[in-house]
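Notes follow the structure.
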Amino acid sequence: MTYRLGVDVGGTFTDILLIDEDTGATYRAKTSSTPEDQSVGVLRGIDQACTAAGIERTAVGDVFHGTTVATNAILEGKGARVGLVTTHGFRQVLQIARSFVPGGLAGWIIWPKPEPLAALEDTVEVRGRIGSDGAVVAELDEDDVRAQLRALAGRGIEALSISLINSYANPAHEQRVGEIAAEELPGLAVSLSSSVLPELREYERTITTVANAAVQPQVKRYVANLEGQLRDSGVTGSLSILRSDGGLVSAAVASDNPVNLLLSGPAGGVTGAAWVAAQTGHRDFLTFDMGGTSTDVALVEDLTPRIGRETTVGDLKVRATSVDVRTVGAGGGSIAHVPPLTQALRVGPQSAGAAPGPAAYAAGGTEPTVTDANVVLGHLPSALAGGEVTLDPDAARAAVKSIADATGLDSVEAAAAGIIDIVNENMFGALRLVSVQQGFDPRDFALVAFGGAGPLHANALGRLTGSWPVIIPPSPGVLCAYGDATTSLRDEAVRTLVRRFSELTDDGLRAILDDLAASARGTLTAEGVPEDDLVVTYSADLRYHGQGFEIPVTLDIDAFDGQGGGLAALGKAFDTDHDRLFSFVLDAEHELVTLRATADAPRPEVGAVELEQGGPDPAAARLQTHQIWSDGGLVDADVYDRSLLRAGNVVVGPAVITEMDSTTLVLRDHAATVHPSGSLLIRPVDQQSQEG
């Protein structure tokens, strides 16, 4: 037997999914995350999954990992001290930045501007200049370079970033500075902007390169440590890391380009959701990933996640390709509070995290959280994560009572229901950002809900968005790990052109695309992937001539075969997207800014699971009946063991469906049908005839 291992490290839990590639059978583990050293939680989870499968670690093949190491380094301000080398006259590039005012009216008054990732005192200028056309305007002064690097040597920098003007057009000067840095600052990690982001716009290229340098030492240490521990423990397969765009790269490539890992964790969930949705026959859907600390949402069209060209983590926005995921501070550990000034109940973004956690965990937490509210309402069983966390209902009630007292509500249950309503509205707002704000009607999409807390709130979110069916995947609490284990290796090549369409020809553009495709394939063939197995897709960042921003547009390579009217078709596709986003098009010439070629290896051949058929009656899976709070009062709800449900079973709400890693709540007047693939499809009862 051959096994693949998916690993997803979150803020609260570390999820492990072991997959038998021959049968598709899965073995899962969920253990508390260990922020001080994430590899401790990872190895503990691997042992649990191997025990469940009845195998030794030596039977595990390749390991696929979604990690938050880079994300946490930025959020917690624990990145390396970075030195920055710029072209003479550009030393303040990070301080000038881009104009940005957060919040509503006058929000800037109380907004402390974040400090740049590379301090001004750690920034030096070197003489030499490249023009926008790639020509050398002034030769690089190597003596000056050495003098400036020696000045940096005594300042305690831990990583070096090099970002020279127009290096996207000609990287020669940057490459030479990098060679000199290897001599003057031996052993220091160096990031070149022409390698990290060979694109137009000086500030975006510089901040992205500096961010890469800031997280590189931590990521490199973590990856090397995990690789070593896996090898020492008997795991013989290779380690691959999930990129922010949902593709995999080798551990070595990930260590060199960690800025591409900033949304590694959320991307795994979107990839896993696409895998699950395809088995249920739904190709257009919203994803809803609610964990212990935050909720991530995204939109997927035709099983293809929408890809953005920017990645935002906290106050940092970098130019890196990523799944277009929006995050809100709403999770099972989000803390409910009543500010004294407004006396209005709020939930999050503060979180109890893994330690001390919600009050119900009985681990020292006393503040009321979303999890505590769900315990009070009867939505959760007595234990979570397969028994690893035992819940204390009395502690949950005591915590939520503080909200009832502060708001004057007449019962603890009413306060708990208020907490749930508010957190649902917060998450509904995030779903609108990826749908309505982008020109999509959420009623045209299904809703795939996962994460440890997602299935508890999914039915309510379906009701708010009108997105049916709500799909609850098998093992929803570890779906991100499933996505990590069932995606493919990926790499991309980029070139900035900045040419109006009148300055381009179909044949000339096709030649550039072929060069980019060869470059993207090269990394993957070096990893041992046969070239014939690779699939290359193309995109272009376009704008109207004179515009200050671009829109990424998928490019059909077949349109550039001499008969497809390539540029004309590309311009028409841009007009369509522009009209969808802004409701107008301009009678102006199109301009191409950046081209991309993305190479993907084949997705793994993992066997599909098919449940045994059963009738509509789920009586064999019914465990008990207990009371839950719903619509202002207590009602009887049946509790089901999901592992005992069979294909075709229909669970009519109100009902609670329990499993090792998550709990699903089915509301009154709704029903969940068990799909043969194992997913639960929740719809209003009056729509069940559409189940098909």
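If you use the numbering used here, the sequence shown corresponds to residues 903 to 1594, in order. Don't be surprised by glycine CBs; every beta carbon is placed ideally from N, CA and C. Remember, predicted model here, so these are calculated numbers, not experimental data.
Asked                                                                                                                                                                      : Found
Going straight from the alpha carbon of GLU1561 to that of ALA951, what length do you get?                                                                                 : 16 Å
Sort out for me which residues DSSP pairs PRO1160 with in a bridge.                                                                                                        : PRO1160 pairs with nothing; no bridge assigned.
Looking only at its chain, what residues have a beta carbon closer than 6 Å to the beta carbon of VAL1438, apart from the 5 residues adjacent to it on each side?          : ALA1419, ALA1499 and ALA1501
Can you tell me whether DSSP reads PHE1190 as helix, strand or coil?                                                                                                       : strand
Is it right to say PHE966 is buried, meaning 16 or more other beta carbons lie within 10 angstroms of its own, or is it exposed?                                           : buried
What does the alpha-carbon distance come out to for the pair GLY1555 and GLY1259?                                                                                          : 30 Å
Determine the contact status of ALA1301 and ALA1316, defining contact as a CB-CB distance below 8 Å.                                                                       : no
Taking ASP1134 as the reference, give the member of SER941, GLY1450 and VAL1558 with the closest Cα.                                                                       : SER941
Is ALA999 closer than 8 Å to SER1063 when the C-beta atoms are compared?                                                                                                   : no
Can you list, in chain order, the residues of its chain with a C-beta nearer than 6 Å to that of SER1441? Leave out the 5 residues immediately preceding and following it. : PRO1454, THR1456, LEU1457 and ARG1498
Mapping the DSSP letters down to three states, classify TRP1531 as helix, strand or coil.                                                                                  : strand
So for VAL1587, helix, strand or coil by DSSP?                                                                                                                             : helix
My assumption, with CB atoms under 8 Å, is that LEU1150 sits in contact with LEU1391. Please give the rounded CB distance.                                                 : 5 Å
Hey, quick one: how far does the alpha helix (DSSP H) through GLU1478 stretch, first residue to last?                                                                      : The displayed chain sequence assigns Thr, not Glu, to residue 1478. Unbroken alpha helix (DSSP H) run through THR1478: 1468 to 1484.
For a quick check, are the C-beta atoms of LEU1469 and ASP1393 less than 8 Å apart?                                                                                        : no
At which residues does the beta strand (DSSP E) containing GLN1252 begin and terminate?                                                                                    : 1248 to 1253
So, helix, strand or coil for HIS1281, using DSSP?                                                                                                                         : coil
Can you list, in chain order, the residues of its chain whose CB lies under 6 Å from that of ARG1185, leaving out five sequence neighbours each side?                      : ASP1204 and LEU1205
For GLN1339, does the count of other Cβ atoms within 10 angstroms reach 16, so buried, or fall short, so exposed?                                                          : exposed
Determine the closest residue to ARG1211 out of VAL1272, LEU1099 and GLU1023, with distance taken between C-alpha atoms.                                                   : LEU1099
Would you mind reading off the limits of the alpha helix (DSSP H) that contains GLU1086?                                                                                   : 1074 to 1086
Please list, in chain order, all residues of the same chain as GLY1266 whose beta carbon is under 6 Å from its beta carbon, the five residues on each side excluded.       : PRO1258
Restricting to Cα atoms, I'd like to know which of THR989, VAL1137 and GLU1027 is closest to ARG906.                                                                       : VAL1137
Check SER1152 in the structure and name its three-state DSSP category.                                                                                                     : strand
By Cβ distance below 6 Å, which residues in the same chain neighbour PRO1018 in space, the five residues on each side in sequence not counted?                             : LEU996
At which residues does the alpha helix (DSSP H) containing GLU958 begin and terminate?                                                                                     : Counting along the chain, GLU958 falls outside any alpha helix (DSSP H), and DSSP gives it neither H nor E.
Within this structure, are the beta carbons of VAL1121 and GLY1148 separated by less than 8 Å?                                                                             : no
Alpha carbon to alpha carbon, what distance is there between ARG1423 and ASP1460?                                                                                          : 18 Å
For GLN1526, write down the residues that DSSP places opposite it in a beta bridge.                                                                                        : VAL1541
Tell me where the beta strand (DSSP E) around ARG1445 begins and ends.                                                                                                     : 1437 to 1446
For THR1425, does the three-state DSSP call read helix, strand or coil?                                                                                                    : helix
How many Å lie between ASP910 and GLY1194 at the Cα?                                                                                                                       : 13 Å
Is it the case that the Cβ atoms of GLY1341 and LEU1483 are separated by a distance below 8 Å?                                                                             : yes
Tell me LYS932's beta-bridge partners as DSSP assigns them.                                                                                                                : ASP917
Quick check: THR1213 and SER1224, are their CB atoms within less than 8 Å of each other?                                                                                   : yes
For the candidate residues GLY1385, THR904 and ALA1021, whose alpha-carbon lies nearest to that of ARG1505?                                                                : GLY1385
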